[in-house]
Amino acid sequence: MRRRRLLFQGLAFWLLAAAFPVVYLGIAPPGSDPLMWGGLALLFSGAGLALATY
Amino acid sequence: MPGGPVLTPLNWLLALLPILVLILTIIALRWSAPRAGALAWLVTVFLAWTVFGADAHLLAVASSKGLSLTLFVLSIIWTAVFLYNLLERLGAIEAIGRQIIGLAGNRLNQGLLLSWAFSGFMQGIAGFGVPVAVVAPLMVMAGFTPVVAAASALVGHAWAVSFGSMGSSYYSIQLVTKIPGEEIGPRMALLFALPIVASGFAVAHIVSGTEGLRRGAGAILVAGLLMSLLVWLMTRLGAPQIASVVPGLAGCGAIWAMARVGALRRVARPEPPVAGLSPSGASGRLSFHLAFLPYYLLVALTVISQIGPVKEATRGLAWGLDYPAVATSLGFQVEAERAYAKIRLLNHPAPLLLLSTFIAAAVFVLAGRWKKGAVQAALASTYRQCVPTSVGIATMVMMALVMTDAGMTSLLAGGIAKGAGPAFPLLSPYVGVLGTFMTGSNTNSNVMFGPLQLETARSLGIGATTIAAVQSIGGSLGSAIAPAKVLIGTAIVGLSGRESDVIRRTLVYCLILVLLVGIEAWVFSYVIGR
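Residue numbers (my numbering), protein chains in the order written: chain A, 9 to 62; chain B, 8 to 537.
Listed below in structure tokens is the structure:
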């Protein structure tokens, strides 16, 4: 039961983390550096994926 | 002033609804924070869209800002919890616990020394939940129950939040209200004296009940007044960034000294043995100084990072996302943000915590105290502890940011100010508490509500400096009940999912402390007239 809950929470974390760069790249203001920050956010979502499937 | 929704009772109640949902689900229904936070966020998004004129773009920007802020906070939690887990695997936490428990003597002294003074020092150097993450497990090691450990650490560290994290919350209220530091700093210190002493009594009551109040009264008054005097002195000397560090350390010294001379009397009845500790435990061979090395390093790196040339040289090493300006269809406008929730390489606890961990690990290897598999085991524990916390924080911060950007927070605060009238100083610190409760950050609370509190004070013709100071003090004390902070405490002492038990324990102390601040504010505003 605890394992299942942890899996769901891990997936929720990954979904949030994955949505972050997608949303940010869509709303980044002109003049900002979306590639650099999008890349960082992707790294964050990658970490989320790794953790969710650890 | 931005436009926004009209202040009507119905609009005010609708703006309050997400907070009611959060409080109801966490406290009454005992939902876990991730579940409660997710529902509250969905309710907020629905209300912002249907009632407060937010469109999809605004909701995306606000939620993304929430995740940026979450990244800022989570990076600290993950690194602090990982450091703790690694040290626990290496036997260092047991060695630290043994030493500090030995210094203090009995349970009341241990509670005061760890939860009230040492946590204030930790808040001063790191903040962002690190004091709770470090102190709560030490309290468990000293034989306190996990709920008492988390609750006393949460209540005990709250006095140090405004001047903690090298003064970040203090600087934020000063910046948003534009009140000179030499004016607001000492005023804040003066108003802080009562909650500092009272939080000592609160910790004594949490750890030892009414007997603790009686036995500890003298020592709490002496240590509390010393700590208050030092907070005031630091602000007068123009060093607000160490106005938690110095009083916290002095408090540790004062409590230790009074325990030595018997000012904190021992209980008549025998005390329960310290859990998991025996006088001749195997890890006793690990010296306290080696065990404490990562925290020595953290202090040293924090001080080094504040040195002028180092600060200048690393100023450019920062990460933060840019966000565009947004507006609701009701006319509430939010300015564009550059480098939002910026993480500065040498001014953010996470990189400093990581650096301390790496250096300490190298020293442990060289000293022959390293254990194989410690990193893997610490990573696995950190993951298990932090995932629920992370989801909870992410959803709650997103909720807070959607509320702020949709004008709901501003409407709520405006309603409180208008409804309260002359009683506003009494309620003013509760507005600060509300901000911290929602975002888990005194700094965010000050940024959100500081200008509004200032304007309300001016429109009521009362002292703006007092009300601005009280906003920050309320925000500071609100750390005792902020779910984002509670989650750190529960995660680290193995109480994940039982956040409601801890909040119910801390809520009454927090409300009493804030009431004292409200009375102070009222007296300053209407009796002293400042």
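Glycine residues also receive a C-beta, built at the ideal position from the N, C-alpha and C atoms.
The structure displayed is predicted, hence computed values, not measured ones.
Quick one: list the residues of chain C neighbouring Ala-26 of chain A, beta-carbon separation under 8 Å, in chain order.
The chain labelled as chain C is not found among the protein chains of the depicted structure, namely A and B.
Using a Cβ-Cβ cut-off of less than 9 Å, give me the residues of the stretch 61-76 of chain B that come near chain A, in sequence order.
His-64, Ala-67, Val-68, Ser-70, Ser-71, Leu-74, Ser-75
What does the alpha-carbon distance come out to for the pair Gly-414 of chain B and Leu-359 of chain B?
Along the second sequence, read from residue 1 onward, the residue named residue 414 of chain B stands at position 407. Along the second sequence, read from residue 1 onward, the residue named residue 359 of chain B stands at position 352. So the alpha carbons of these two residues sit roughly 36 Å apart.
Which residue from B:Glu-189, B:Ala-196, B:Leu-461 puts its Cα closest to that of Ala-167 of chain B?
Within the second sequence, residue 167 of chain B is the residue found at index 160, counting from 1. When only C-alpha atoms are compared, the closest one is B:Ala-196.
Output, in sequence order along the chain, the residues in the stretch 391-408 of chain B whose CB is closer than 7 Å to any CB in chain A.
Arg-391, Val-394, Pro-395, Ser-397, Val-398, Ala-401
Residues near Gly-538 of chain B in its chain [Cβ-Cβ closer than 6 Å; skip 5 each side]
Outside the displayed span of chain B (8 to 537) sits residue 538 of chain B, for which this structure offers no information.
Helix, strand or coil, according to DSSP, for Trp-48 of chain B in the structure here?
On the second sequence, position 41 is the one that residue 48 of chain B refers to. In the structure shown, Trp-48 of chain B sits in a helix (DSSP, three-state: H, G or I).
Measuring CB atoms only, is the stretch 475-494 of chain B touching the stretch 506-526 of chain B, in the sense that at least three cross pairs come out at less than 8 Å?
yes
So, at 7 Å on beta carbons, what are the nonlocal neighbours of Pro-144 of chain B in its own chain, with the 5 sequence-adjacent residues on each side left out?
Residue 144 of chain B sits at position 137 when you count from the first residue of the second sequence. Excluding residues within five positions, the ones whose Cβ falls inside 7 Å are Tyr-91, Ile-100, Ile-499, Val-500.
With distances taken from CA atoms, which of A:Leu-14, A:Arg-11, A:Phe-21 is nearest Val-398 of chain B?
The residue labelled residue 398 of chain B in the question sits at position 391 within the second sequence. Looking at the Cα atoms, A:Phe-21 is the closest of the given residues.
Thinking Val-477 of chain B and Ser-70 of chain B are a contact (beta carbons under 8 Å), I'd like their distance in whole angstroms, please.
Along the second sequence, one-based indexing puts residue 477 of chain B at 470. Along the second sequence, one-based indexing puts residue 70 of chain B at 63. Val-477 of chain B to Ser-70 of chain B, Cβ: 31 Å. No contact.
Selection from B:Thr-389, B:Ala-471, B:Tyr-330 that minimises the alpha carbon distance to Ser-82 of chain B:
Taking the second sequence and counting its residues from 1, the one referred to as residue 82 of chain B is at position 75. Nearest of B:Thr-389, B:Ala-471, B:Tyr-330 to Ser-82 of chain B, Cα basis: B:Thr-389.
If you draw a straight line from the alpha carbon of Gly-136 of chain B to that of Met-406 of chain B, how long is it in whole angstroms?
Reading the second sequence from its first residue, position 129 is the one you call residue 136 of chain B. Reading the second sequence from its first residue, position 399 is the one you call residue 406 of chain B. Their backbone Cα atoms lie some 20 Å apart in a straight line.
Closest Cα partner of Met-241 of chain B within the set B:Ala-250, B:Ile-186, B:Met-234, B:Val-13
Translated into the one-based positions of the second sequence, residue 241 of chain B becomes position 234. Out of B:Ala-250, B:Ile-186, B:Met-234, B:Val-13, B:Ala-250 has the C-alpha closest to the C-alpha of Met-241 of chain B.
Measuring CB to CB, does Gly-163 of chain B end up less than 8 Å from Val-210 of chain B?
Here residue 163 of chain B is taken as the residue at index 156 of the second sequence, counted from 1. Here residue 210 of chain B is taken as the residue at index 203 of the second sequence, counted from 1. A contact, by the Cβ cut-off of 8 Å.
Bridge partners for Tyr-347 of chain B per DSSP, in chain order?
For the purposes of this step, residue 347 of chain B is taken as the residue at position 340 of the second sequence. According to DSSP, which records beta bridges pairwise, Tyr-347 of chain B is partnered with B:Leu-328.
Counting only C-beta atoms, is Leu-328 of chain B closer than 8 Å to chain A at any point?
On the second sequence, position 321 is the one that residue 328 of chain B refers to. Closer than 8 Å: yes.
How would you list, in chain order, the residues of chain A whose beta-carbon sits under 7 Å from the beta-carbon of Pro-331 of chain B?
Position 324 of the second sequence, counting from 1, holds the residue named residue 331 of chain B. Correct list: Ile-35, Pro-37.
Nearest neighbour of Phe-456 of chain B, chosen from B:Lys-425, B:Ser-532, B:Gly-421 [CA to CA]
Numbered from its first residue, the second sequence carries residue 456 of chain B at position 449. Here the closest residue by C-alpha is B:Gly-421.
Determine which residues share a DSSP beta bridge with Ala-266 of chain B and list them.
For the purposes of this step, residue 266 of chain B is taken as the residue at position 259 of the second sequence. DSSP, once it has assigned bridges, lists no residue as partnering Ala-266 of chain B.
Can you give the Cα-Cα distance for Pro-277 of chain B and Asn-113 of chain B, rounded to whole angstroms?
Taking the second sequence and counting its residues from 1, the one referred to as residue 277 of chain B is at position 270. Taking the second sequence and counting its residues from 1, the one referred to as residue 113 of chain B is at position 106. Because Pro-277 of chain B sits at a pLDDT of 41, beneath the cut-off of 50, its placement in the model cannot be relied upon, and the following sentence gives the value as read from the coordinates. Approximately 10 Å between the Cα atoms of the pair.
Go through the stretch 59-100 of chain B residue by residue and report every complete run of the alpha helix (DSSP H) that reaches 4 residues or more, in order.
63-96
What are the start and end residues of the alpha helix (DSSP H) that includes Glu-506 of chain B?
The residue given as residue 506 of chain B occupies position 499 in the second sequence. Start and end: 506-529.
Which residue marks the beginning of the alpha helix (DSSP H) containing Tyr-302 of chain B, and which one marks its end?
Within the second sequence, numbered from 1, the residue matching residue 302 of chain B stands at position 295. Its alpha helix (DSSP H) spans residues 300-313.
Where does Tyr-32 of chain A land, buried or exposed, given buried means 16+ other C-beta within 10 angstroms?
By one-based count along the first sequence, residue 32 of chain A stands at place 24. Buried: at least 16 other Cβ atoms inside 10 Å.
Given Asn-449 of chain B as reference, the closest of B:Ala-332, B:Leu-121, B:Leu-386, B:Gly-171 once Cα atoms are compared
For this step, residue 449 of chain B is matched to residue 442 along the second sequence. Comparing Cα-Cα distances from Asn-449 of chain B to each of B:Ala-332, B:Leu-121, B:Leu-386, B:Gly-171, the minimum goes to B:Gly-171.
How long is the line joining the alpha carbons of Leu-74 of chain B and Val-509 of chain B, rounded to whole angstroms?
Here the question's residue 74 of chain B lines up with position 67 in the second sequence. Here the question's residue 509 of chain B lines up with position 502 in the second sequence. Going from the Cα of Leu-74 of chain B to the Cα of Val-509 of chain B covers about 26 Å.
For Pro-254 of chain B, collect the residues of the same chain with a Cβ closer than 7 Å to its Cβ; drop the 5 residues on either side in sequence, then sort them by chain order.
In the second sequence, residue 254 of chain B corresponds to position 247, counting from 1. Same-chain partners within the cutoff: Gly-127, Met-234, Leu-237, Val-238.
Where Val-139 of chain B falls: helix, strand or coil (DSSP)
Taking the first residue of the second sequence as 1, we reach residue 139 of chain B at position 132. Val-139 of chain B falls in the helix class under three-state DSSP.
Identity of the residues DSSP links to Gln-340 of chain B by a beta bridge:
Position 333 of the second sequence holds residue 340 of chain B. In the DSSP output, where bridge partners are listed per residue, Gln-340 of chain B has B:Ala-334.
Measure the beta-carbon distance from Val-28 of chain B to Val-50 of chain B and round it to whole angstroms, keeping in mind my assumption that it falls under 8 Å.
As a working mapping, residue 28 of chain B is identified with position 21 in the second sequence. As a working mapping, residue 50 of chain B is identified with position 43 in the second sequence. Val-28 of chain B to Val-50 of chain B, Cβ: 5 Å. Contact.
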